[in-house]
Each structure stands twice: as structure tokens, then as C-alpha cells.
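Okay, so here's the structure we're looking at.
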Amino acid sequence: MLLSEMYSILKELQLPVAYHHFEEGSRPRPPYLVYLVTDSDNHGADNWTYHKQNNLQVELYTTKKDLATEQKVESLFDSHLIYFEKVETYISSEKLYQITYYITLHGG
Numbered sequence: 001m002l003l004s005e006m007y008s009i010l011k012e013l014q015l016p017v018a019y020h021h022f023e024e025g026s027r028p029r030p031p032y033l034v035y036l037v038t039d040s041d042n043h044g045a046d047n048w049t050y051h052k053q054n055n056l057q058v059e060l061y062t063t064k065k066d067l068a069t070e071q072k073v074e075s076l077f078d079s080h081l082i083y084f085e086k087v088e089t090y091i092s093s094e095k096l097y098q099i100t101y102y103i104t105l106h107g108g
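Residue numbering for the sequence shown follows the UniProt record's numbering, beginning at 1 and increasing consecutively.
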């Protein structure tokens, strides 16, 4: 799956979505999503990458614990057969909950 395909999938949720961050002054009210590639784990030989793999974070930000929105995100991933792990944290300085989904994109 390509990164552009992941963007299209995330847009299905009809939440604001940005790659890496929203521009200063344009951050929407929660809930919203941010996604970014954190690193790659490619396989190669003979000076050629024959299998591309990007590790991705999809971050859901909410002002309260929002089980309904989390379920929508997870159901979307399930419907597209996207495996994920998740971690939750509270950012006290922002007064936001952050649910981080860790996903591996195979093929670039």
C-alpha cells in the first residue's frame, strides 16, 4: 500500500487529516488525525531495494476519551485489512488524548 492510498483511506473518516502536522494557526478542533512515516525497514540485495516497507504512525487527537471515534478508526483499518498496534497517552499541556496507531505499509 502506498502512502497516498493510506491518505485516501483516512479521508473516509471525514475527520481533518494532515501529514506530520497542521500548519501553525490552522489546527482544527479535535477530533483530528495526523499521520507520518517514522522510518523504513526495506529489504535489498545487489544495491537494489526489492521490498519497501514504511513504518507509519496514525495519531488520533481528542479532547476526551472518545471510544466511538476510536472504534470508527479501528473499524476502518479492519475493513481495509490493515494490521495495527496502538498506544494511548494524555498530553496535559495540550489537554488532549492521543491514540497512536502503529502500522506497517508494504510496498512503499
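The beta carbon of each residue, even a glycine, is placed where N, CA and C say it ideally should be.
Residue(s) in a DSSP beta bridge with residue i
| i | result |
| --- | --- |
| L60 | L33 and I99 |
| Y7 | In the DSSP output, where bridge partners are listed per residue, Y7 has none listed. |
| A45 | W48 |
| T104 | N55 |
| Y19 | Y35 |
| T89 | Q98 |
| S40 | N54 |
Top-ranked residue by Cα proximity to residue i, from the options
| i | options | result |
| --- | --- | --- |
| E59 | A18, T49 and L2 | A18 |
| L3 | E70, I82 and S92 | I82 |
| T49 | G25, R27, S40 and H20 | S40 |
| V34 | L13, S92 and Q71 | L13 |
| G44 | T38, V37 and K52 | K52 |
| G107 | R27, N54 and L67 | N54 |
| S92 | T69, Y61, D78 and S26 | Y61 |
| residue 114 | H20, D46 and H80 | With the chain covering only 1 through 108, there is no way to say anything about residue 114. |
Beta-carbon separation (whole angstroms), residue i vs residue j, contact threshold 8 angstroms
| i | j | result |
| --- | --- | --- |
| L85 | Y102 | The residue you asked about is not Leu; residue 85 is Glu in the sequence shown. Between Y102 and E85 the Cβ distance is about 5 angstroms, and since that is below 8 angstroms, they are a contact. |
| P16 | T63 | Their Cβ separation, rounded to whole angstroms, is 14 angstroms, which puts P16 and T63 out of contact at 8 angstroms. |
| V87 | T104 | 15 angstroms between Cβ atoms; not a contact. |
| K65 | Y32 | In fact, because the Cβ distance is near 16 angstroms, the residues do not count as touching under 8 angstroms. |
| L56 | V37 | 6 angstroms |
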